[in-house]
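Worksheet: one structure, shown below.
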Amino acid sequence: MADGTDIKGIFVEAAPKSVSRRGNGIDRRITMRIGQRLRYRRRELDLSHPFLAAVVNVTFQSIQKYEAGRHSMPATYLWKLSKFLNVSVDYFVAEIIPPDQKQFTLPHDNDDISDSDINTHLGNRLKKLRRSRGITQESLAKASQISCQQIQQYEAGKSRITADRLYQFAEFFSVPLSYFYENLSATPACQKEIDADTTHNAANEEPAPRGEFRDLPIPATAAQKNTYVI
1 MADGTDIKGI FVEAAPKSVS RRGNGIDRRI TMRIGQRLRY RRRELDLSHP FLAAVVNVTF
61 QSIQKYEAGR HSMPATYLWK LSKFLNVSVD YFVAEIIPPD QKQFTLPHDN DDISDSDINT
121 HLGNRLKKLR RSRGITQESL AKASQISCQQ IQQYEAGKSR ITADRLYQFA EFFSVPLSYF
181 YENLSATPAC QKEIDADTTH NAANEEPAPR GEFRDLPIPA TAAQKNTYVI
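This note's numbering numbers the first residue of the sequence shown as 1 and each following residue consecutively.
Right, here's the structure in full:
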């Protein structure tokens, strides 16, 4: 497994009967692969469904459905779970299991980034990539078999994009899935505390008189007042 064994030799590739091979322009096999990888990594770290569910604030039944490939996972959850499980987002879509996974470590508060902020970031990255390639929203929508309005919603961060849909865009533009998550990070906890203290102190300071500087020089002593530097 750690030596790059093909995942087909570990999990059953057949999709459940309740899931069609294609739906809404997405090959459902990628939904299955993401679920299989999630299950593999969870078992590898000996984590329970409820434990993993708490990471993205969903029910443990939702995690079970993601693992079974019955539901498409939101791209926001994919990023949060990859951070928690200490793997790249590309781990979930690679054809073989990447070797030499990092040591498992718990992140601090899952970086405290809201789903809406992640959606906005993903949308901005998609728009930037599309424009850099000279692709119109209409062309991308046609290739993805969705409406142009949906592309607009994705790029504006107003519609939640699923992990399999994001992978479809990555395949279309020939970029790794991780491209869309680049530079996505929150303010470190220690910096948040500093900012909070700064804001608190600033709120309790009296405003400086008009026309005067806040940082006035230290008053000179009586001896210093009679001393002059020539």
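We treat Cβ as the ideally placed atom computed from N, Cα and C, and that holds for glycine.
Computed from a predicted model, the values in this text were never measured in an experiment.
Check your understanding: Is Gly134 buried or exposed, if buried means 16 or more other CB atoms sit within 10 Å of its CB?
Key -> Looking at its Cβ environment, which holds fewer than 16 other Cβ atoms inside 10 Å, Gly134 is exposed.
**Study point:** Separation of Ala68 from Ala141, as counted between CA atoms
**Key:** The straight-line gap from Cα to Cα measures roughly 28 angstroms.
Practice item. Classify Ala143 as buried or exposed, calling it buried when 16 or more other Cβ atoms lie within 10 Å of its own Cβ. Key: Flag for Ala143 reads exposed.
**Study point:** Close Cβ partners of Val89 (< 7 angstroms) along its chain, the five nearest in sequence each way excluded
**Key:** Scanning its chain for C-beta atoms nearer than 7 angstroms, with the 5 sequence neighbours on each side dropped, one finds around Val89 the residues Leu78, Trp79, Ser82, Leu177, Ser178 and Tyr181, in chain order.
Practice item. In the DSSP assignment, find the alpha helix (DSSP H) that holds Ile63 and state where it starts and stops. Key: For Ile63, the enclosing alpha helix (DSSP H) begins and ends at Phe60 to Ala68.
**Study point:** beta-carbon Arg43 near the ligand NAP non-hydrogen atom, thresh 8 angstroms
**Key:** Absent from the structure shown: the ligand NAP. Ligands present: none.
**Study point:** CB-CB length for Ile118 against Leu184, believed under 8 angstroms
**Key:** Sure, about 7 angstroms apart at Cβ, within 8 angstroms.
Review point. Which residue's Cα is closest to the Cα of Arg125: Ile161, Cys148, Ile146 and Gln145?
Key: Checking every option, the nearest Cα to that of Arg125 belongs to Ile161.
Practice item. Going by CA-CA distance only, name the one from Ser174, Asn57, Val93 and Gly123 that's closest to Met32. Key: Considering only alpha carbons, the answer is Val93.
Point to revise | Burial state of Asp112 (16 or more Cβ within 10 Å) | key: The residue in question, Asp112, is exposed, as its Cβ has fewer than 16 Cβ neighbours within 10 Å.
Review point. Taking Cβ to Cβ, would you say Phe84 is nearer than 9 angstroms to Val55?
Key: Yes, Cβ-Cβ distance for Phe84 and Val55 is below 9 angstroms.
Review point. Glu155: buried (16+ other C-beta within 10 angstroms of its C-beta) or exposed?
Key: Buried.
Practice item. Compare the C-alpha of Ser116 against each of Lys158, Gln150 and Tyr40 and name the closest. Key: The shortest C-alpha to C-alpha distance from Ser116 to any of Lys158, Gln150 and Tyr40 is the one to Lys158.
Review point. Which residues bound the alpha helix (DSSP H) around Thr120?
Key: Note, Thr120: alpha helix (DSSP H), Asp115 to Ser132.
Practice item. Kindly indicate the opening and closing residues of the alpha helix (DSSP H) around Thr31. Key: Element bounds for Thr31: Arg28 to Glu44.
Check your understanding: Does DSSP put Thr162 in a helix, in a strand, or in coil?
Key -> The answer is strand: DSSP assigns Thr162 an E or B state.
Point to revise | Endpoints, the alpha helix (DSSP H) within which Pro50 is located | key: Element bounds for Pro50: His49 to Val56.
Review point. What do you get for Thr246, buried or exposed, if any count of 16 or more other CB atoms within 10 angstroms of its CB means buried?
Key: Outside the shown range of the chain (1 to 230) lies residue 246, about which nothing can therefore be said.
Point to revise | Burial state of Pro74 (16 or more Cβ within 10 Å) | key: The residue in question, Pro74, is buried, as its Cβ has 16 or more Cβ neighbours within 10 Å.
Review point. Roughly how many angstroms separate the alpha carbons of Phe172 and Arg130, rounded to a whole number?
Key: Take the alpha-carbon of Phe172 and the one of Arg130: they are about 10 angstroms apart.
Review point. Helix or strand or just coil, what does DSSP make of Asn201?
Key: At Asn201, the pLDDT of 44 sits below 50, so the modelled position is not reliable; the number obtained from the coordinates is stated separately. Note: Asn201 maps to helix in three-state DSSP.
Review point. Does DSSP classify Ile96 as helix, strand or coil?
Key: Looking at Ile96 - three-state DSSP - the assignment turns out to be strand.
Review point. Could you give the C-beta distance for Ile34 and Ala163, rounded to a whole number, given that I count them as a contact under 8 angstroms?
Key: With a Cβ gap of about 6 angstroms, Ile34 and Ala163 count as contacting.
Review point. For Ser114, is the classification buried or exposed, using 16 other Cβ atoms within 10 angstroms of its Cβ as the cut-off for buried?
Key: Ser114 counts as exposed, since fewer than 16 other C-beta atoms from the protein chains shown sit within 10 angstroms of its C-beta.
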